[in-house]
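K.L.:
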Amino acid sequence: MSKSSIEQQIGLLFADAFTALDMDADLGRITKSQRPELGQFQCNGALPAAKRYRRNPLEIAQDIAEKVQSSELLKSVEVTPPGFINIKLADDFLASSVNQLTDDALVGIETTESPEHIALDFGGPNAAKPLHVGHLRSSIIGESLKRTLRTVGHKVTSDIHLGDWGTQMGMMIEAIKKTNPELPYFDENFKGEYPKKSPLDVTEFMSMYPEASQLCKSDPEEMDKARQATLELQQGRAGYRALWQHIRNLSIEEMKPDFERLGVTFDLWYGEADADPYVSVVVQEAKEKKIAIESEGALVVPYTDDKGKEQAPMILLKSDGAAIYATTDLATIKERVENLKMDRCIYVVDNRQDLHFRQVFNAATQLNYLAKDKLTFAGFGTMNGPDNKPFKTRDGGVLRLTDLIKTATDLAYTRLKETGAQERFDAEEMADIAHKVAIATIKFADLHNDRKANYIFDLEKFSQFEGKTGPYLLYSAVRMKSILRKAEESGLMAGNIMAPTTEEERELMLAMMSINKAVETTIENLQPHHLCDFSYGLSQSFSRFYNACHIMAETDKNKQQSWLGLTKLALKQQERILDMLGIAIPERM
Ligand code: ARG
Numbered sequence: 044m045s046k047s048s049i050e051q052q053i054g055l056l057f058a059d060a061f062t063a064l065d066m067d068a069d070l071g072r073i074t075k076s077q078r079p080e081l082g083q084f085q086c087n088g089a090l091p092a093a094k095r096y097r098r099n100p101l102e103i104a105q106d107i108a109e110k111v112q113s114s115e116l117l118k119s120v121e122v123t124p125p126g127f128i129n130i131k132l133a134d135d136f137l138a139s140s141v142n143q144l145t146d147d148a149l150v151g152i153e154t155t156e157s158p159e160h161i162a163l164d165f166g167g168p169n170a171a172k173p174l175h176v177g178h179l180r181s182s183i184i185g186e187s188l189k190r191t192l193r194t195v196g197h198k199v200t201s202d203i204h205l206g207d208w209g210t211q212m213g214m215m216i217e218a219i220k221k222t223n224p225e226l227p228y229f230d231e232n233f234k235g236e237y238p239k240k241s242p243l244d245v246t247e248f249m250s251m252y253p254e255a256s257q258l259c260k261s262d263p264e265e266m267d268k269a270r271q272a273t274l275e276l277q278q279g280r281a282g283y284r285a286l287w288q289h290i291r292n293l294s295i296e297e298m299k300p301d302f303e304r305l306g307v308t309f310d311l312w313y314g315e316a317d318a319d320p321y322v323s324v325v326v327q328e329a330k331e332k333k334i335a336i337e338s339e340g341a342l343v344v345p346y347t348d349d350k351g352k353e354q355a356p357m358i359l360l361k362s363d364g365a366a367i368y369a370t371t372d373l374a375t376i377k378e379r380v381e382n383l384k385m386d387r388c389i390y391v392v393d394n395r396q397d398l399h400f401r402q403v404f405n406a407a408t409q410l411n412y413l414a415k416d417k418l419t420f421a422g423f424g425t426m427n428g429p430d431n432k433p434f435k436t437r438d439g440g441v442l443r444l445t446d447l448i449k450t451a452t453d454l455a456y457t458r459l460k461e462t463g464a465q466e467r468f469d470a471e472e473m474a475d476i477a478h479k480v481a482i483a484t485i486k487f488a489d490l491h492n493d494r495k496a497n498y499i500f501d502l503e504k505f506s507q508f509e510g511k512t513g514p515y516l517l518y519s520a521v522r523m524k525s526i527l528r529k530a531e532e533s534g535l536m537a538g539n540i541m542a543p544t545t546e547e548e549r550e551l552m553l554a555m556m557s558i559n560k561a562v563e564t565t566i567e568n569l570q571p572h573h574l575c576d577f578s579y580g581l582s583q584s585f586s587r588f589y590n591a592c593h594i595m596a597e598t599d600k601n602k603q604q605s606w607l608g609l610t611k612l613a614l615k616q617q618e619r620i621l622d623m624l625g626i627a628i629p630e631r632m
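Everything in the sequence shown is counted per the numbering used here, starting at 44 for the first residue and increasing by one.
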């Protein structure tokens, strides 16, 4: 079933009116009203029509209004100078539209007509290095996009694309060689089996990285050694591969619980290294097609941007023959298209990697791996601290996801206790609620912003139970649940939704009718903040409705059932949208 929006349905009416007056149908476009006191929707087509047909706009508007006046979809049509048409919907039409949402499994969200198999590349942590806020943002936004794209019917394969093939691996190998030179991994003549157990645990690995990287930065000789080790690793030196495997496995083991707590999952835990078998193929093809050229010993793919300006080339192989970040990204595209049969790749990565992805996409399209419009960089801005500088922990270090979740959970406990929650719930339920509130706090704080913009992460502010915050949305959804529970206990059922009799009902219904638009815009721009806006708007409309319409005290049974019907639908929509944001709702709160 096509679930055309109110704007579309009314738009058809107006398009017909314009054509009946020998004018173009596109003039009938309907938008939400800028001035709700005059109408719910408006049509401004008379203004461009006046230019196009050299007529008076006010007269056109009046002619159009006259034509549509009798439609049973509309309650009133009023014209204001210089030619705006203000529209109010007929209450019966509104109610019947909302009843259709009630019967729909997707509560009004339309599925896509052209489903694709999408590789969604997000998370992107690096082996042996701690997660940082960029990985946090990527994970939160990526998870939400994954859920949203799936809801409308795309097949989405999420891939963490672990950073595990770059120089940091060589640095680690060299660092371990220094502290534990006796280990068999470094003995080139070693013929036995390498130990199954890792020589170091993950904390030890991770504690080595900062020093190793510092050393390489300050000492070119050390950097050379690290590069050499990386190259040998990539070329298959057995001991290095065995040691590398330990680092990789332990890193994954370490980060898995963090991602789980955050409610972020991946279908593939592939890394840069997994594209290694495709590197030689990609290099070969790039050479054959003369897309790659030699430059100062390295193999590069020149890149001219859309404006015809020559940009830095993409390095395919360094002069020592080693593969780098761009190489594995290009090879991964080849793997995704050829092996995994994907139609499209979306990357959720920090804005600062914009050039990198443009270079890679340029090479991939020239090699005919994918068309340009099937490669999307969904970049995001930085998460800043209250000082508006990139977020740091109190001790100035990198943020650890475990610590962030813990801080948010502690804060959630404090807030919940302020509402007397610990007297109502046992410890286990308290813990569950606090966790959900914490995750909602962190995720909504991130997702409600324009993805591309930087934002200030203020845990204090975003943990409030009032205002545009995750906890407020949970609170609002929980209240809907509790209303429905109480009604059920009193034997009251949700029923057919009747024509609205109050402005608050009307407003709530209109809010609910806009769900598809919110999802559509989110997908079009890969911007979950449209879902956040919808969710917040719905909560607010519901709250006003709830204050105006006293459900439990209502004596008109039909009205009461209708109001419960509205509550039920509002909850269903809220559950859907919060699910797409990756936010779970507690039963009670
Ligand atoms: N590991 C990278 C980093 O920490 C992010 C990976 C993003 N994904 C990709 N396909 N390059 O910056």
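The beta-carbon is built from N, C-alpha and C at its ideal position, and this holds for glycine as well.
Could you give the DSSP three-state label for tyrosine 313: helix, strand or coil?
P.N.:
Three-state DSSP puts tyrosine 313 in coil, outside helix and strand.
K.L.:
Ligand 1: which residues have Cβ under 6 Å from any of its heavy atoms, chain order?
P.N.:
Any residue whose Cβ sits closer than 6 Å to a heavy atom of ligand 1 makes the list: Asp164, Gly167, Asn169, His204, Gly206, Asp372, Tyr390 and Val392.
K.L.:
Measuring CB to CB, does arginine 387 end up less than 9 Å from histidine 204?
P.N.:
Contact: no.
K.L.:
Tell me which residues share the same chain as aspartate 164 and place their Cβ nearer than 6 Å to its Cβ, disregarding the 5 neighbours each side in the sequence.
P.N.:
Excluding positions up to five away in sequence, the list reads Asp202, His204 and Tyr390.
K.L.:
When you compare each of Phe585, Asp135, Ala171 and Gln604 to alanine 613 by their alpha carbons, which one comes out closest?
P.N.:
With distances taken between Cα atoms, alanine 613 lies closest to Phe585.
K.L.:
In chain order, what residues of the same chain lie with their CB nearer than 6 Å to the CB of leucine 226, ignoring the 5 residues before and after it?
P.N.:
Around leucine 226: Pro242.
K.L.:
At what residue ranges does the stretch 126 to 171 contain a whole run of the beta strand (DSSP E), taking only runs of 3 or more?
P.N.:
For the stretch 126 to 171, whole beta strand (DSSP E) runs of length 3 or above, ordered along the chain, are 127 to 132 and 160 to 164.
K.L.:
Taking C-alpha atoms, which residue in Glu121, Arg95 and Ile184 lies nearest to phenylalanine 84?
P.N.:
For phenylalanine 84, the nearest C-alpha among the options comes from Glu121.
K.L.:
State the beta-bridge partners of phenylalanine 233 as determined by DSSP.
P.N.:
Paired residue(s): none; phenylalanine 233 is not in a bridge.
K.L.:
Based on the DSSP output, what are the partners of lysine 75 in its beta bridges?
P.N.:
Answer is Phe84.
K.L.:
In terms of DSSP beta bridges, what is glycine 206 paired with?
P.N.:
DSSP, once it has assigned bridges, lists Asn169 as partnering glycine 206.
K.L.:
Taking DSSP as the reference, what is the three-state secondary structure of tyrosine 589?
P.N.:
Reduced to three states, the DSSP call for tyrosine 589 is helix.
K.L.:
Please determine, among Tyr579, His593, Asp416 and Asp134, the residue with the shortest C-alpha to C-alpha distance to glutamate 567.
P.N.:
If we check each option's Cα against that of glutamate 567, Asp416 comes out closest.
K.L.:
Under a three-way DSSP split, which group does aspartate 393 fall into?
P.N.:
Aspartate 393: strand per DSSP, three-state reduction.
K.L.:
With distances taken from CA atoms, which of Phe508, Thr610 and Ser578 is nearest histidine 491?
P.N.:
Per the Cα distances, Ser578.
K.L.:
Provide the residue span of the beta strand (DSSP E) that contains leucine 359, from first to last.
P.N.:
Run containing leucine 359: 353 to 360, per the beta strand (DSSP E) assignment.
K.L.:
State the beta-bridge partners of histidine 422 as determined by DSSP.
P.N.:
Per the sequence shown, the amino acid found at residue 422 is glycine instead of histidine. Glycine 422 is bridged to Val392.
K.L.:
What residue does the beta strand (DSSP E) around glutamate 339 start on, and which one ends it?
P.N.:
Element bounds for glutamate 339: n/a, residue is neither H nor E.
K.L.:
Roughly how many whole angstroms lie between the Cα atoms of lysine 435 and histidine 178?
P.N.:
Spanning the two alpha carbons is a distance of roughly 14 Å.
K.L.:
For valine 380 and threonine 154, I'd like the C-alpha separation in whole angstroms.
P.N.:
Valine 380 and threonine 154: Cα-Cα distance of roughly 24 Å.
K.L.:
How close, in whole Å, do the beta carbons of alanine 633 and leucine 373 come, if the pair is a contact with beta carbons under 8 Å?
P.N.:
Given a span of 44 to 632 for the chain in the structure shown, any question on residue 633 remains unanswerable.
K.L.:
Return the first residue and the last residue of the alpha helix (DSSP H) that threonine 564 is part of.
P.N.:
It spans 558 to 568 - the alpha helix (DSSP H) in which threonine 564 sits, taken as one unbroken run.
K.L.:
Measuring only the C-alpha atoms, how far is alanine 341 from asparagine 405?
P.N.:
If you take the alpha carbons of alanine 341 and asparagine 405, they lie about 18 Å apart.
K.L.:
Per DSSP, what kind of secondary structure is tyrosine 412 in: helix, strand or coil?
P.N.:
Tyrosine 412 falls in the coil class under three-state DSSP.
K.L.:
Along the chain, where does the alpha helix (DSSP H) that runs through valine 307 open and close?
P.N.:
First-last for valine 307: undefined, no H or E at that position.
K.L.:
Would you check if the distance between the CB atom of arginine 549 and the CB atom of leucine 137 is smaller than 9 Å?
P.N.:
Their beta carbons are under 9 Å apart, which means arginine 549 touches leucine 137 by this criterion.
K.L.:
Hey, could you find the ends of the beta strand (DSSP E) leucine 70 is sitting in?
P.N.:
Where leucine 70 is concerned, there is no enclosing beta strand (DSSP E), given that its DSSP letter is neither H nor E.
K.L.:
Where does threonine 450 sit, in a helix, a strand or coil, going by DSSP?
P.N.:
In the structure shown, threonine 450 sits in a helix (DSSP, three-state: H, G or I).
K.L.:
Do you know how far the Cα of threonine 610 is from the Cα of methionine 44?
P.N.:
With a pLDDT of 39 at methionine 44, under the threshold of 50, the modelled position of that residue is not reliable, and the figure given next carries that caveat. Taking the straight line from one Cα to the other gives about 24 Å.
K.L.:
Applying the criterion that 16 or more other CB atoms from any shown protein chain within 10 Å of the CB defines a buried residue, is methionine 385 buried or exposed?
P.N.:
So methionine 385 ends up on the buried side.
K.L.:
Select from Gly82, Leu81, Asn99 and Glu80 the residue whose C-alpha is nearest the C-alpha of alanine 89.
P.N.:
When only C-alpha atoms are compared, the closest one is Asn99.
K.L.:
Quick check on the burial criterion: 16 or more other C-beta atoms within 10 angstroms. Buried or exposed for lysine 189?
P.N.:
Lysine 189 is buried by the Cβ-count criterion.
K.L.:
Quick one: using the 10 Å Cβ neighbour count with 16 as the cut-off for buried, is lysine 495 buried or exposed?
P.N.:
Exposed: under 16 other Cβ atoms inside 10 Å.
K.L.:
What does isoleucine 620 pair with, by DSSP beta-bridge criteria?
P.N.:
In DSSP, isoleucine 620 forms no bridge with anything.
K.L.:
Under the three-state reduction of DSSP, which class applies to lysine 479: helix, strand or coil?
P.N.:
It is helical.
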